[in-house]
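Student: Per the working numbering, the sequence shown starts with residue 14, numbered consecutively. Provided herewith is a single structure, encoded as structure tokens, for subsequent inquiry.
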Amino acid sequence: MPEAMQRELSSTFLLTKRRDLSESPGQPGRGDEDFFPSLKTRIHKSTGKENKITITNDKGCLSKEEIEKMVSDAEKYRQDDEKQKDRIAAKNGLESYAFNMKSTVEDEKVKDKISEEDKKSIIDKCQEVITWLDQNQLAKKDEFEAKQKEIEKVCNPIITKLYSGAGGMPGGMPGGMPSGMPNFGGSAGESTGQSSGPTIEEVD
């Protein structure tokens, strides 16, 4: 149970008064003083009887139903936070992909490696998605994901063709490979050059 709830629960103080058989009931008796919060008690030695008094502090006490509601609300807020986090991640992923793809085909290094038709297809689609994002900042996660698939359907085949025709992604591509790009296997490693580690030769 959360600490904040525990502090709200009622507290109980138990006071025990003991009396000694050696003292007669009529005597005022002797005793010791014991102190509790907001409570002073004197323990008399006179009868040997034991009396118990229970004092309950009900101020600020929460009912069982109120506690259960607090727990339920906390869980609901946690789930809402997770959904919001996923929604923002989907939005940012779509936005990043659109800007990266547009920047890629507009770069001078690839202008001779992609047809004007393919270049226009990507730029137009990316601009369409960017405009949609500006107008739908509060869209749901599944809407962002649907737009992601839509733009990938246009861009990925063209970028795959560009990659294959160039024998690997041209060096200096802006922003690296955009997220959502297809996996090209081991050819990417082949196009980036050989290992930069030193070569060791055995000498007889």
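Note that the Cβ used here is the ideal one computed from N, Cα and C, for glycine as well.
Alpha carbon to alpha carbon, what distance is there between Ala-111 and Cys-139?
Tutor: To locate residue 139, count along the sequence shown from 1; it is residue 126. To locate residue 111, count along the sequence shown from 1; it is residue 98. Distance between the alpha carbons of Cys-139 and Ala-111 is about 5 Å.
Student: According to DSSP, is Lys-153 helix, strand or coil?
Tutor: On the sequence shown, residue 153 is found 140 positions in, with the first residue counted as 1. Lys-153: coil per DSSP, three-state reduction.
Student: Which residues in the same chain as Glu-108 place their Cβ atom closer than 6 Å to its Cβ, once the five residues preceding and following it in sequence are excluded?
Tutor: Along the sequence shown, one-based indexing puts residue 108 at 95. Same-chain partners within the cutoff: Leu-146.
Student: Three-state secondary structure (DSSP) at Lys-124?
Tutor: As a position in the sequence shown, residue 124 is number 111, starting the count at 1. If DSSP states are grouped into helix, strand and coil, Lys-124 belongs with coil.
Student: From which residue to which residue does the alpha helix (DSSP H) around Leu-107 run?
Tutor: The residue you call residue 107 lines up with position 94 of the sequence shown. Per DSSP, Leu-107 belongs to the alpha helix (DSSP H) from 77 to 119.
Student: Among residues of its own chain, excluding the 5 on either side of Lys-132, which ones have a beta-carbon nearer than 6 Å to its beta-carbon?
Tutor: Here residue 132 is taken as the residue at index 119 of the sequence shown, counted from 1. Val-118, listed in sequence order.
Student: In whole angstroms, what is the alpha-carbon distance linking Asp-137 and Lys-104?
Tutor: Looking up residue 137 in the sequence shown gives position 124. Looking up residue 104 in the sequence shown gives position 91. Looking at the two C-alpha atoms, the distance is approximately 19 Å.
Student: So, using beta-carbon positions, are Ile-127 and Met-114 closer together than 8 Å?
Tutor: In the sequence shown, the residue the question calls residue 127 occupies position 114. In the sequence shown, the residue the question calls residue 114 occupies position 101. Against a cut-off of 8 Å, the Cβ pair of Met-114 and Ile-127 comes out as no contact.
Student: Using the three-state DSSP reduction, which class does Cys-74 fall into: helix, strand or coil?
Tutor: Working through the sequence shown from its first residue, we reach residue 74 at position 61. In this structure, Cys-74 counts as coil in the three-state DSSP scheme.
Student: Alpha carbon to alpha carbon, how far is Glu-88 from Glu-81? Give it in angstroms, no decimals.
Tutor: Numbered from its first residue, the sequence shown carries residue 81 at position 68. Numbered from its first residue, the sequence shown carries residue 88 at position 75. Spanning the two alpha carbons is a distance of roughly 11 Å.
Student: Work out the CA separation of Met-83 and Tyr-90 for me, nearest whole Å.
Tutor: Reading the sequence shown from its first residue, position 77 is the one you call residue 90. Reading the sequence shown from its first residue, position 70 is the one you call residue 83. When rounded, the distance between both Cα atoms is 11 Å.
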